[in-house]
Amino acid sequence: MSKERGSLSIHSENIFPIIKKWLYSDHDIFIRELISNGCDAITKLKRLNGMGEIDLKDETNFSIKVVLDKEAKTLTFIDNGIGMTGEEVKKYINQIAFSGAEDFIKTYKDKGDQEQIIGHFGLGFYSAFMVADHVEIYTLSYQEGATPVKWNCDGGTEFEMQEGKGRKRGTEITLHLGEEGEDFLNEYTVKSTIEKYCSFMPYPIYFEEVGKEPEKDEEGNIIVEEPKALNETQPLYLKHPNDCTEKDYKNFYRDTFRDFKEPLFWIHLNMDYPFNLKGILYFPKLNTEFEPMEGQIKLYNNQVFVADNIKEVIPEFLLLLKGVIDCPDLPLNVSRSFLQNDGFTRKISDYITRKVADKLKSLFKTERENFEKFWEDIHPFIKFGVLRDDKFYDRVESLLLYKTVEGKYLTLEEYLEKQGDQEEKNIYYTNDSNQQAQYIRMLRENDLEVLSLEHSIDAAFISHMEMKKTHVHFKRVDSEIADLLKESDDAEDKEVITKETETLTNIFKKVLNKEEIKVQLESLKSEEVTGMVTLSEDSRRMQEMMERYAMGGLEAGMIPNEEILVLNKKHPLIQYMLHHGEEETELMKLIPQQVYDLIMLSHQPLSPERMTDFIKRSNDMMKQMIS
């Protein structure tokens, strides 16, 4: 067989199935594409007027109209933009993927700004065939003496093109909706789709329904209202921050996100170099820790909606926020729905991260009191960012706040200042202030600040901070704290203490039937405390990790139980057990069990069975007191 060379060809019968099924992820996107094309047509016309190529004679009433006709099963898109000649229809419509926007930019690239031309790929028009069995175009070019053109196609390989009837300048595209487009014969569906994709398009978009009964007042008179645009052509994020009031920001937030809780604060992004990016990011107020931590950041390209929460542009931790970002320089793929891989997107992401960090630092330095009020709502965002992004951590590390159990807010540096010049710095915290109240009280009596770290993100945050600051150790209030709470043991007889510890250990082993129990006898400063249970911080974290990752199937004993029962020698009940340890009385069977359960109650909840026994035993002991 002889060698041949040639060009690959693409035919409409090959590409239409691809457009219908695979080009766009959502079928409703055709509304965005056709309205975008209309906006492009108007922008091109205004650009030519601005360059002196034509004279619009002060015409400023530009708009897009969407007309629904349920009876005819059509949806029509009308613009009063640049229009097309017959030759342009052949070039831009009949040749698939030949972009009119791209061609326009090349022609006039030296004569004006090109950033507001939306389309680049020339495929948007064909999205109409995802929902339409038949599409008609009526168009008249702005050019002097131009002839109107009618074009129609059923989505196959054939089209018809002929001279149209006289009409005004611009383009009218009528979609005869098929089975896949029946949903768009509903006014609400069309309007909500326009709101979804076209809320900030640069020209007003109006909706009209053919044959719809006009609204009437109570007396039966027709209510005549001025048509109201479905979009905001000058959204707040395009304005300079100095021109925006607090009320403007709050109204924009409410209208855009349908969230009637006021945002805590916001960041207005306004950058022209080295790339064009504008937007507003809001820190929302969360109701509870259990409210889904999922925000919504809408990404736009020249006021055209692209998608929500695109991770290539928005740093992952900032997806917890709500906001709008418009970047005309985004490297979109052919469907205008996703980003192409491009190092440029990383620069955008870094810029957004930096601006958020700068805003937080500014609030911390100039409005610390307000910053502390916001902290309970914003700390999950910030801690998540610290965990996910080292650069963000470096920028905000000095403003990270820690709330004490008394409601004060301290930075890590402020907390550690109180510990003097110790090499090893211990930070005491609670993750359940109610359950661990006794431990907290004992530490506070010894002038030690206790931090409240009770959010689900705090366990990971603590480990991260220890990794970043190797001289700092976080210790939960029920960890190894006995040495902090005991009196000086200089005068203690070590042999006596050892013997008494053995006595108490044997008592508890026998009564509790727990051979593995570990007992430590100390003279605690407080005489009111019977004792406490302590567990090393490392052991407890290991146990929690095993539970978190459902590794409970490991054999018992693989992770040793390092809980220590610390008993207070100064407490009367402990003294009673030391003096009556050999007696086989009913009281000596009850007291050790009761003391153990009381101590455990300040450490963790008792199981239902043990709580039942505890209540019954308490009643029995009180009966003995009055008998």
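FYI, in my numbering the residues of the sequence shown are 1197 to 1823.
Quick reminder that beta carbons are idealized off the backbone N, C-alpha and C, glycines included.
- Around the beta carbon of N1630, fewer than 16 other beta carbons sit within 10 angstroms, so the residue counts as exposed.
- Under the three-pair Cβ rule at 8 Å, the region 1576-1588 does not count as touching the region 1600-1607.
- The shortest C-alpha to C-alpha distance from N1472 to any of T1697, L1516, F1540 is the one to F1540.
- Under the DSSP definition of a beta bridge, K1412 partners with I1418.
- A contact is defined here as three or more CB-CB pairs under 8 Å, and the region 1579-1593 fails this definition with respect to the region 1621-1641.
- In chain order, K1346 place their CB closer than 7 Å to the CB of Q1358, counting only its own chain and leaving out the 5 sequence neighbours on each side.
- Here the alpha carbons of H1767 and M1807 stand approximately 24 Å from one another.
- Here Y1611 is actually not in contact with V1646; their C-beta atoms are around 10 Å apart, not less than 8 Å.
- Between V1285 and T1272, the CB-CB gap reaches or exceeds 7 Å.
- When only Cα atoms are considered, P1511 and S1545 end up about 6 Å apart.
- Between the C-alpha atoms of T1730 and K1714 there is a straight-line separation of about 10 Å.
- Scanning its chain for C-beta atoms nearer than 8 Å, with the 5 sequence neighbours on each side dropped, one finds around L1373 the residues K1269, T1270, L1271, V1327, A1328, D1329, F1380, L1381, in chain order.
- In the structure shown, the three-state DSSP call for D1734 is helix.
- Under the three-state reduction of DSSP, T1256 is assigned to coil, being neither helix nor strand.
- For L1597, the enclosing beta strand (DSSP E) covers residues 1597-1599.
- The DSSP-derived three-state label of R1363 is coil.
- Assignment of C1523 by DSSP, reduced to helix, strand and coil, places it in the coil class.
- The beta-bridge partner set that DSSP reports for A1328 consists of L1373.
- Beta-carbon to beta-carbon, D1522 and Y1496 are separated by about 4 Å, close enough to satisfy the 8 Å threshold.
- Spanning the alpha carbons of L1244 and C1235 requires a straight line of approximately 14 Å.
- The beta carbon of G1366 sits closer than 6 Å to those of D1275, N1276, G1277, G1279, all from its chain and outside the five residues before and after it, given in chain order.
- Residue burial annotation: M1821 is exposed, with fewer than 16 other C-beta atoms found within 10 angstroms of its C-beta.
- Its chain contains K1705 as the residues whose beta carbon lies nearer than 7 Å to that of E1711, once the 5 sequence neighbours on both sides are disregarded; these appear in chain order.
- As the crow flies, the alpha-carbon of Y1402 is around 12 Å from that of E1383.
- Per DSSP, reduced to three states, the secondary structure at Q1716 is strand.
- Inclusion of V1762 and E1733 in the CB contact set at 7 Å is not warranted, their separation being larger than that value.
- In the three-state reduction of the DSSP assignment, T1607 falls in the strand class, which pools E and B.
- Counting along the chain, T1666 sits inside no alpha helix (DSSP H), nor does DSSP assign it H or E at all.
- In the DSSP assignment, H1223 falls outside any alpha helix (DSSP H) and carries neither an H nor an E.
- Between L1426 and the set I1795, D1224, K1392, K1266, the nearest pair of CA atoms involves K1392.
- Nearest to L1526 by alpha-carbon distance, out of L1515, V1502, K1446, is V1502.
- Sorting P1423, E1255, P1410 by C-alpha distance to the C-alpha of I1238 places E1255 at the top.
- Sequence-distant partners of T1600 (beyond 5 residues in either direction) whose C-beta falls short of 7 Å from its own C-beta, in its chain, are L1606, E1645, V1646, L1647, S1648.
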